[in-house]
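Take a look at the structure below.
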Amino acid sequence: MIQSVTKAVNSVNADSAMLGKIIYSQQMSSAEKLLEMFKKVETKVNKIYDKDKWIKIENKPFYYCKEGKLYAVDPSRHQCPNTGAFPNSVENVPTTYLNWDNLRNYIKYAPFYHHPSGNSYITNKDGKNYVHILCNHYEDGRNGTADWHGYYFYNNGNSSSSDWSWHYASDANGDCLRLHVSKNIQGFQNALKYNLMPEGLSKDNKELFKLMVLFQKKDSLQWENDSITEFSDNFYNALKENKIDDFKDILFKFENFEKPIRDGVAQNLTGESYETFVKTMTHSDTVRANITPYETARLTDPNSGHWELWNREPEENEIKINLENTFYGRNPLADVRRDGIVGIDFGTKSTVVTYQNGSDTTVPMRIGGGDYSKDISANDYENPTVMEFINLSHFLERYAEKSGRPRTEWADMTISHTASEVLNSAESAENYYAWFSDLKQWASDKNRKMTLKDKNGLEKEMSPFIDISDDELNPIELYAYMLGLFINNMYNGIFINYIMSFPVTYERKIRMKISDSFEKGLKKSLPEEILQNKEIMQEFRVMEGASEPAAYAVCALQEYGFDPQEDEKVLYGVFDFGGGTTDFDYGIWQRASRKQQRRYDNIIRHFGAGGDRYLGGENMLELLAYNVFKKNEKLLRENKVQFTKPSECEAFAGSEILIGSTQQAKFNMRQLAEKLRPLWEGQEYDKTSVMLNLRDTDGESKSLELSIDTAELYDIIRKRIDKGVDNFFEAMHTALSTDSVKEEITGKVNKMQIFLAGNSSKSEMVKESFDEYIKKYTPSFRELLNIEAVEALETPEKTKNYFIKKYDNGFMKDILVEMGIS
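Heads up: the sequence shown is residues -4 to 817, going by my numbering.
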């Protein structure tokens, strides 16, 4: 019995993840302070540049000439070369020689001695040597145009002018002294890039300028119109990696924040840290699974409360931090739905999750959609069976930190709708192995190996599912954990009873391993308080329910209103045409015995099952795509484009170079399959060709037009469906041929209810095929069961979400075709 549901708390146990977020918020506050200081230095430097037309650079031998928007080498500190070879840079600042335009501005505004005659001299005295720049202004000009004319001249200390060497300033190759000026450099951003610090800054601002130079070198600043706007991603990544050093009393190092907290010196959460903590709590499952954030009132309402605030002693890796406000923790035990049950249909294309909570009403769950506030659509519950690996290493690191509800991040791994949105886009071509959409196919194939490669480049070789050990990466366990986060949260409560359905064709060993993987993943989604409660966990179970077609038969028989009376038997068969396989199931629906009626009204006696392993909607698309690729083999060969071979298809002559299992081949197969989906799903499709962006063996994109023969494709579909329907009736004949079944039903039934289940059964070709094979097999069934032909019986009343089609063919009078649900 739960003694208390909520509890007022004034402290929180912060694990490494929460502590990291709290400290990161403080680091962000430090970053804001530093950014503000940087902007002030920028303003100061710009004021210095605006103040004078000629600014001395303190740490490099340059002056900045405002009018010329250039940096000129300071001749009083730097000896200009007098050789033909001209240097490309001075102290890592790109330079060139003076041209006429630069010379005019340089001479006009240079803060040096100006001779009364109008000539300007810039002198560098170095022993006996003197370097001068002379510029005379001729009114009439040398070529009839007034202009400035500049000369370099060099004097070795003799007074005789005959020792002077004169050259025009534009003479680039003469044996003369040359003064360098910067090349295409201006603005504050370049001042940092080339470390050009002007005179006039205070001591503190000089230190900040040096730090800004370092940040600019590491691309840690963002710019707009030559002004700093923000720190870049490089800065924030370095901050997360603890690579930003403290600057005086502005702290960045993680350990300098952590130590006072661990020492008990700074334990109260205030300001930024407080807001971060509140957001961490309300977004706890948003971070994990992109679920709508919880309302803040959940923290402050004494009748609500938050699981992660339920007070307990800190674990070894946790720190107790005091809160200035009173919040409320909620006991997770109070939210256990002991009378609830969750059904999971782990499908090839999609996974459907439903639940009952102490009533007969079954409610579907949305998985991977995230925002519970959005309007509901039918597609919300067809949850794509796909995973996206973004940063698998970080996800697994977090996954291993706690036994229950670890602080994993949706940003590292997504599933369902989110993961599928970009799977068929061009983006997936570059990272195709980052998506895993073949979970069920991989699980069912004892020889199938897989390669996963997340978007960060981490590669994992996967053994066949049946060979995966407990300490190896198990994608199905991770998938079940993510499903569990959507099932077990503070919106839905906590479920401890699960039922899974499996295809008939799966071996017992594989079904058990899938159940075991789901059990581990689902347990991981539970709060640790639940996992530590022995009484609750003794009730936790993942059960294997009836086979998928048998489970469907129970629902359909009840929905159609079959209510057998005493000694009445309803013979049924289910053709469950899904995304990956087609399963068959045969049985009898009858009134429960008097003893059984204490618990049940009706029971099913299951007497036969079978299936077609490769007949599935997704497999059908691959079959069609394979045949289109085969038809265009010459074009594909010329462009070095490969594709994959479906399991049931045969290789063909010359296919060695065309069939592959590479990332590009799988991408190409998926691209074409998606283009053919409208044809398979019965939409109007009259194309004779299709344009595709495919990838060649080198990974290059090729835009190719593939020819399509729709009549041939429809023929392929019909023949493959016919094969599956024929297998269904053959398996039915075998099941009915056993002596015990014949004895039970001979003379007691004169019709059979056949349900067409699964999305793929919506195809008109399926119904047409059944029409044909009913006619073919009816005589043999009459003979087998010694049944006389009878008149058509009344068709059961049509119920919501179902349509009923009637066949008048002697023995099999009523064929029930499920059209509205999976």
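Beta carbons: idealized from backbone N, C-alpha and C, even for Gly. Bear in mind the structure is a predicted one, so any value in this text is a computation, not a measurement.
Own chain residues within Cβ distance below 7 Å of Thr271, not counting five before or after: Result list for Thr271: Lys16, Ile17 and Ser20, in chain order.
Cβ neighbours of Arg443 in the same chain (closer than 6 Å, five flanking residues each side left out): Correct list, in chain order: Trp437 and Pro459.
Buried versus exposed, by CB contacts within 10 Å (16 or more), Val358: By the neighbour-count rule (16 or more Cβ atoms within 10 Å), Val358 is not buried but exposed.
Short CB-CB distance (under 8 Å) between Lys51 and chain C: Looking at the structure shown, chain C is missing, and only one protein chain is on hand.
Lys504 classed as buried or exposed, judged by whether at least 16 other C-beta atoms fall within 10 angstroms: Label assigned to Lys504: exposed.
Cα-Cα separation, Lys48 to Lys188: Between the alpha carbons of Lys48 and Lys188 lies a gap of roughly 22 Å.
Alpha-carbon spacing of Ser684 relative to Phe230, whole angstroms: Here the alpha carbons of Phe230 and Ser684 stand approximately 50 Å from one another.
Whole-angstrom distance between Gly605 and Leu780, CA atom to CA atom: Cα to Cα, the separation comes out at about 20 Å.
Rounded Cβ spacing between Tyr567 and Gly582 (contact assumed at less than 8 Å): Contact flag correct, Cβ pair sits at about 6 Å.
Per DSSP, cross-strand counterpart(s) of Ser299: Residue pairing by DSSP leaves Ser299 without any beta bridge partner.
Sequence-distant residues of the same chain with beta carbon closer than 7 Å to Ser154, five excluded per side: Residue placement at Ser154 cannot be trusted, given a pLDDT of 40 that sits under 50; what the coordinates show is reported in the next sentence. For Ser154, where only same-chain residues beyond five positions count, there are no Cβ hits under 7 Å.
Beta-carbon separation (whole angstroms), Ala545 vs His601, contact threshold 8 Å: Indeed they touch by this definition, with Cβ atoms about 6 Å apart.
8 Å contact criterion, which Thr576 and Leu616 should meet: CB distance rounded: Their Cβ separation, rounded to whole angstroms, is 14 Å, which puts Thr576 and Leu616 out of contact at 8 Å.
Pair within 8 Å by beta-carbon distance, Pro193 and Ile50: Yes; because the gap between Cβ atoms is below 8 Å, this pair is in contact.
Reduced DSSP secondary structure (H/G/I, E/B, other) of Gln678: Reduced to three states, the DSSP call for Gln678 is coil.
Nearest-angstrom Cα separation, counted from Gln637 out to Asp691: Approximately 7 Å between the Cα atoms of the pair.
Residue(s) in a DSSP beta bridge with Cys644: None; Cys644 has no bridge partner.
Enclosing alpha helix (DSSP H) for Tyr231 [first to last residue]: Asp228 to Lys235 is the extent of the alpha helix (DSSP H) around Tyr231.
Residues near Ala429 by beta carbon distance below 8 Å, same chain, minus five either side: Cβ neighbours of Ala429 beyond the five flanking positions: Glu383, Phe384, Ile385, Ser423, Leu447, Lys448, Asp449 and Lys450.
Supposed contact pair Asp578 and Pro641 - C-beta distance, whole angstroms, cut 8 Å: Incorrect: roughly 19 Å between the Cβ atoms, too far for contact.
Straight-line gap, Thr275 to Ala284 (C-alpha atoms, nearest Å): One Cα belongs to Thr275, the other to Ala284, and the distance between them is close to 14 Å.
8 Å Cβ cutoff met for Val331 and Lys564: The Cβ atoms of Val331 and Lys564 do not sit closer than 8 Å to each other.
Where Pro379 falls, given that 16 or more other Cβ within 10 Å makes a residue buried: Taking all protein chains shown into account, Pro379 has 16 or more neighbouring C-beta atoms within 10 Å of its C-beta and is therefore buried.
N- and C-terminal bounds of the alpha helix (DSSP H) containing Asn5: For Asn5, no alpha helix (DSSP H) segment is defined; the enclosing uninterrupted segment is the beta strand (DSSP E) at Thr1 to Ala9.
Burial state of Ala551 (16 or more Cβ within 10 Å): Its Cβ being crowded by 16 or more others within 10 Å, Ala551 is buried.
Residue from Asn469, Thr403 and Ser398 whose Cα sits closest to the Cα of His389: In terms of Cα proximity to His389, the closest of Asn469, Thr403 and Ser398 is Thr403.
Expected contact under 8 Å - CB spacing of Ser299 and Tyr323 to nearest Å: Contact annotation, Ser299 with Tyr323: C-beta distance approximately 7 Å; criterion of less than 8 Å satisfied.
8 Å Cβ cutoff met for Ser25 and Phe210: Taking 8 Å as the Cβ cut-off, Ser25 and Phe210 do not qualify as a contacting pair.
The beta strand (DSSP E) enclosing Met457, as first and last residue numbers: Boundaries of the beta strand (DSSP E) around Met457: Glu454 to Met457.
Same chain, Cβ closer than 7 Å to Asn41, neighbours up to 5 away in sequence not counted: In the same chain as Asn41, and ignoring 5 residues on each side of it, the C-beta atoms closer than 7 Å to its own belong to Phe183, in chain order.
Rounded C-alpha distance that separates Asp10 from Trp302: Going from the Cα of Asp10 to the Cα of Trp302 covers about 15 Å.
Which of helix, strand or coil DSSP assigns to Glu225: Strand at Glu225.
Residues bridged to Met382 [DSSP beta-bridge criterion]: BP columns for Met382 point to Ile410 and Phe431.
Local conformation of His728 per DSSP, three classes: Reduced to three states, the DSSP call for His728 is helix.
Alpha-carbon spacing of Gly63 relative to Lys178, whole angstroms: C-alpha separation (whole angstroms): 11 Å.
Ala406 versus Ile482: straight-line alpha-carbon distance, rounded: Each residue's Cα considered, the two are about 19 Å apart.
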